[in-house]
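In the working numbering, the protein residues as written are 4 to 294.
Glycine included, C-beta positions come from ideal geometry on N, C-alpha and C.
The next block holds one structure in the form of structure tokens; read it before the comments.
Structure follows, in structure tokens:
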């Protein structure tokens with residue numbers, strides 16, 4: 004009976020809403036004064052796969068799909084490599100005070116919302132009043148009128164930097180907790196056998212961090228695939244379609260009252276999430292009982 008409240012909560016708020024996937028196959032039209040279900044059943048005609056065809060044939064679908072996949076791949080790779088490397092390096096520091104200071108400084112960006120980050124980015128990169136252009140003008144270097152928000156190549160990598168900068172502190176703390184929980188006798192036995200620092204990292208720390216890495220990646224998949232706030236509050240998908248992604252189109256579909264089309268984008272995102280989840284599970288072998 005103890006699990007009954009949790010089970011009911013998941014059924015009501017997680018599984019029941021999945022019925023809404025049917026909207027992707029209908030031209031949903033809300034009728035004033037009628038409920039959602041009445042409008043869905045009686046006032047919305049079936050259109051089959053027309054919404055999917057429209058999405059796949061759109062001129063920007065290839066760009067959206069590429070950006071979604073490329074961004075998530077880069078985020079997953081850097082979101083593992085950099086925090087793990089930082090966690091290992093900080094764990095090697097002899098000064099506990101310095102280690103705590105570095106840990107705190109790297110963890111602080113996690114508490115900033117994307118709204119605040121978007122404001123700071125604009126304060127730095129605005130064409131007329133931005134700190135970067137004003138500094139360039141003061142020092143007479145570069146282009147003091149450079150339009151950063153129209154720079155196509157710049158934002159692709161700057162968004163990656165922002166994401167890594169914001170998330171690396173939290174992931175680093177998770178990996179540091181795993182490293183600090185490793186039995187010291189394993190290190191002592193390895194040192195007696197003549198192991199070097201690199202061998203300790205390679206054969207003890209990294210293998211024992213694999214479970215934490217896999218769990219962290221899986222836990223962050225939803226926020227990474229549904230990467231709306233970061234793009235919407237910095238570039239809004241621009242310049243052009245350079246940073247356009249599926250979540251941006253989904254929200255625009257809702258704002259334009261194209262609920263069937265927006266739901267179709269959501270279904271595509273769900274399928275991508277399942278594929279990425281399967282790959283991560285296979286890569287980290289999360290189903291192994293010994294780990």
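Express the C-alpha separation of residue j and residue i in angstroms, rounding to a whole number.
{"i": "residue 221", "j": "residue 203", "result": "26 angstroms"}
{"i": "residue 177", "j": "residue 215", "result": "7 angstroms"}
{"i": "residue 245", "j": "residue 158", "result": "8 angstroms"}
{"i": "residue 111", "j": "residue 251", "result": "27 angstroms"}
{"i": "residue 7", "j": "residue 16", "result": "14 angstroms"}
{"i": "residue 259", "j": "residue 129", "result": "29 angstroms"}
{"i": "residue 56", "j": "residue 235", "result": "26 angstroms"}
{"i": "residue 275", "j": "residue 68", "result": "10 angstroms"}
{"i": "residue 294", "j": "residue 153", "result": "With a pLDDT of 43 at residue 294, under the threshold of 50, the modelled position of that residue is not reliable, and the figure given next carries that caveat. Answer to the nearest angstrom: the Cα atoms are 48 angstroms apart."}
{"i": "residue 121", "j": "residue 62", "result": "28 angstroms"}
{"i": "residue 45", "j": "residue 34", "result": "10 angstroms"}
{"i": "residue 127", "j": "residue 108", "result": "21 angstroms"}
{"i": "residue 14", "j": "residue 49", "result": "27 angstroms"}
{"i": "residue 279", "j": "residue 173", "result": "22 angstroms"}
{"i": "residue 233", "j": "residue 51", "result": "33 angstroms"}
{"i": "residue 284", "j": "residue 104", "result": "34 angstroms"}
{"i": "residue 142", "j": "residue 123", "result": "22 angstroms"}
{"i": "residue 99", "j": "residue 80", "result": "29 angstroms"}
{"i": "residue 255", "j": "residue 60", "result": "17 angstroms"}
{"i": "residue 113", "j": "residue 210", "result": "26 angstroms"}
{"i": "residue 36", "j": "residue 261", "result": "19 angstroms"}
{"i": "residue 171", "j": "residue 277", "result": "24 angstroms"}
{"i": "residue 238", "j": "residue 58", "result": "22 angstroms"}
{"i": "residue 119", "j": "residue 165", "result": "12 angstroms"}
Kindly indicate the opening and closing residues of the alpha helix (DSSP H) around residue i.
{"i": "residue 80", "result": "64-94"}
{"i": "residue 97", "result": "It is not in any alpha helix (DSSP H) - residue 97 carries neither H nor E in the DSSP assignment."}
{"i": "residue 265", "result": "262-287"}
{"i": "residue 139", "result": "134-142"}
{"i": "residue 111", "result": "Looking at the DSSP string, residue 111 is not in any alpha helix (DSSP H), and its letter there is neither H nor E."}
{"i": "residue 152", "result": "Element bounds for residue 152: n/a, residue is neither H nor E."}
{"i": "residue 187", "result": "187-195"}
{"i": "residue 118", "result": "117-128"}
{"i": "residue 59", "result": "53-60"}
{"i": "residue 11", "result": "7-13"}
{"i": "residue 200", "result": "200-203"}
From the DSSP output, which residues share a beta bridge with residue i?
{"i": "residue 168", "result": "Partner(s): none; residue 168 has no beta bridge."}
{"i": "residue 48", "result": "30"}
Contact defined as beta carbons within less than 8 angstroms: I believe residue i pairs with residue j. What is the distance between those atoms, to the nearest angstrom?
{"i": "residue 183", "j": "residue 74", "result": "The Cβ separation is near 32 angstroms, so there is no contact."}
{"i": "residue 223", "j": "residue 23", "result": "Rounded, the Cβ-Cβ distance is 24 angstroms, inconsistent with contact."}
{"i": "residue 189", "j": "residue 90", "result": "The pair is not a contact, with the Cβ atoms about 17 angstroms apart (cut-off 8 angstroms)."}
{"i": "residue 263", "j": "residue 253", "result": "Rounded, the Cβ-Cβ distance is 12 angstroms, inconsistent with contact."}
{"i": "residue 207", "j": "residue 193", "result": "6 angstroms"}
{"i": "residue 84", "j": "residue 212", "result": "Contact flag wrong, Cβ pair sits at about 12 angstroms."}
{"i": "residue 29", "j": "residue 40", "result": "Not quite, the Cβ-Cβ distance comes to about 12 angstroms (not below 8 angstroms), so this is no contact."}
{"i": "residue 27", "j": "residue 266", "result": "4 angstroms"}
{"i": "residue 169", "j": "residue 115", "result": "7 angstroms"}
{"i": "residue 240", "j": "residue 287", "result": "Not a contact, Cβ separation roughly 32 angstroms."}
{"i": "residue 77", "j": "residue 163", "result": "5 angstroms"}
Entirely within the stretch 205-250 and at least 4 residues each: give me those alpha helix (DSSP H) ranges in chain order.
-> 209-228 and 232-235
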